[in-house]
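This is the structure we're talking about:
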């Protein structure tokens, strides 16, 4: 069964949902539509998935790990046969951490858990739409351990190169707006990067981030860096 919808012309990011459970598809469609994404179609089987992906060529394909017989092969086929030029994000629970690595190497741009809060799920898709990879943090250790040196390779502290750039700018006292201007990204993207950095380093606020940068030699010490308390990242 396939449910197809017209995407409003004003919506920039067009999404196709491929999931075997109708309630999940409807829930994601409502969440994404409310956040300004255009849900162009949904599918619950491989045949319809292939057809509507080719027909609509959306910006993002959200693909259930359990829908195709081999999600990694599906990603590879879509990429190699040039049937789909958008970003593929596998959603749900992979068979193993190794499957995440295989999916990314095959051409997927992300893997997200359906246990994420709705706001975070939407935020990560916005980051994806701007060209980044997105991976739920519980899967990040598998990538850093097994993937090795890649475009998303991480430093010893677990941060990507872009996250380290954000961290250094935070240590100088730059605001989110100033960081966004410096890196030519949106303020929302900066906020998402900051939340990922806090999660990875197990810190609570931007003052602690600045102190960490100083401690690791990423920035010069500053009299106003505090170890406790501090302002929110948003």
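In the working numbering, the protein residues as written are 13 to 246.
A virtual CB, placed ideally from N, CA and C, is assigned to each residue, including glycine.
Kindly identify the DSSP beta-bridge partner or partners of residue i.
i: residue 28; result: 53 and 73
i: residue 122; result: 101 and 146
Kindly list the residues whose CB is nearer than 6 Å to the CB of residue i, restricted to its own chain and excluding five residues on each side of it in sequence; keep chain order.
i: residue 120; result: 87, 100 and 102
i: residue 61; result: 30 and 55
i: residue 80; result: 58 and 86
i: residue 91; result: 119
i: residue 45; result: 51
i: residue 125; result: 148
i: residue 25; result: 49, 71 and 141
i: residue 47; result: 134
i: residue 236; result: Because residue 236 sits at a pLDDT of 42, beneath the cut-off of 50, its placement in the model cannot be relied upon, and the following sentence gives the value as read from the coordinates. The answer is none, since no qualifying residue turns up.
Considering just the uninterrupted stretch of the alpha helix (DSSP H) at residue i, what are its terminal residues?
i: residue 60; result: 58-68
i: residue 37; result: 34-46
i: residue 212; result: 199-213
i: residue 82; result: Per DSSP, residue 82 belongs to no alpha helix (DSSP H) and is neither H nor E.
i: residue 228; result: Residue 228 -> no alpha helix (DSSP H), and no H or E assigned at all.
i: residue 181; result: 173-183
i: residue 188; result: 188-195
i: residue 96; result: Unbroken run through residue 96: none, as it is neither H nor E.
i: residue 107; result: Unbroken run through residue 107: none, as it is neither H nor E.
i: residue 128; result: No alpha helix (DSSP H) contains residue 128, which DSSP labels as neither H nor E.
Closer than 7 Å by C-beta to residue i: which residues in its own chain qualify, once you throw out the five before and the five after it? Chain order, please.
i: residue 76; result: 30, 31, 32, 103 and 104
i: residue 140; result: 72, 99, 101, 121, 122 and 146
i: residue 106; result: 77, 112 and 123
i: residue 7; result: Nothing can be reported for residue 7, as the shown portion of the chain is limited to 13 through 246.
i: residue 115; result: 83, 84, 87, 102 and 123
i: residue 41; result: 29, 51 and 54
i: residue 215; result: 221 and 224
For residue i, which residues of its own chain have a beta-carbon under 8 Å away from its beta-carbon, when the five flanking residues on both sides are left out?
i: residue 142; result: 197, 198 and 201
i: residue 192; result: 198, 199, 201 and 202
i: residue 186; result: 194
i: residue 130; result: 43
i: residue 128; result: 136 and 148
So residue i packs on residue j, CB below 8 Å; how close in whole Å?
i: residue 122; j: residue 147; result: 6 Å
i: residue 134; j: residue 43; result: 7 Å
i: residue 204; j: residue 136; result: 7 Å
i: residue 27; j: residue 74; result: 6 Å
task: Please determine if the region 206-218 and the region 172-192 are in contact, where contact requires at least 3 C-beta pairs separated by less than 8 Å.
output: yes
| Contact between the region 44-58 and the region 70-84 (3+ Cβ pairs under 8 Å) | yes
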